[in-house]
Ligand code: SF4
């Protein structure tokens, strides 16, 4: 059976056509590099994704800071990760690159801030 995949490992986004038999790859076309083969293998066995989202910020000039996980996690754990991210509140100021959690949900991925949020000075 033929199946088409869009590789998400790099911005090239190669469209890869693979002839597969269950979890086995018979042939592959369209991958710009060897990582495309690894990506298709992963999609056939344990598909993984990265997540971008935002967390609440206390006393910041804006109420949310954008965040992302640094390494892909199994697709089935995305709802758990989103619930976890929604439960987090950080205090301003928060800097881009700040590691909120070095091993989020024990899934060997860091949760990091991707946009700085300065502290909001209150008028007196
Ligand atoms: S196959 Fe290679 S070049 Fe193509 S998107 Fe994937 S990583 Fe990038």
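In the working numbering, the protein residues as written are 30 to 153.
For glycine and all other residues, C-beta sits at the position ideal for the given N, C-alpha and C.
- With a contact defined as Cβ atoms closer than 8 Å, residue 41 and residue 61 qualify at about 5 Å.
- A contact between stretches requires three or more CB pairs, one per stretch, nearer than 8 Å, and the stretch 68 to 81 meets this requirement with the stretch 93 to 103.
- Taking one beta carbon from each stretch, the stretch 82 to 92 and the stretch 132 to 151 have 3 or more pairs nearer than 8 Å; the two touch.
- Only residues of its own chain outside the window of five on either side were considered, and among them 47, 48, 66, 69, 70 and 73 have a CB closer than 8 Å to the CB of residue 54, listed in chain order.
- Following the DSSP letters along the chain, one finds residue 115 in no beta strand (DSSP E) but inside the alpha helix (DSSP H) bounded by residues 107 to 115.
- Of all alpha-carbon atoms in 64, 84 and 150, the one lying nearest the alpha-carbon of residue 111 is that of 84.
- Residue 87: member of the beta strand (DSSP E) spanning 81 to 87, first to last residue.
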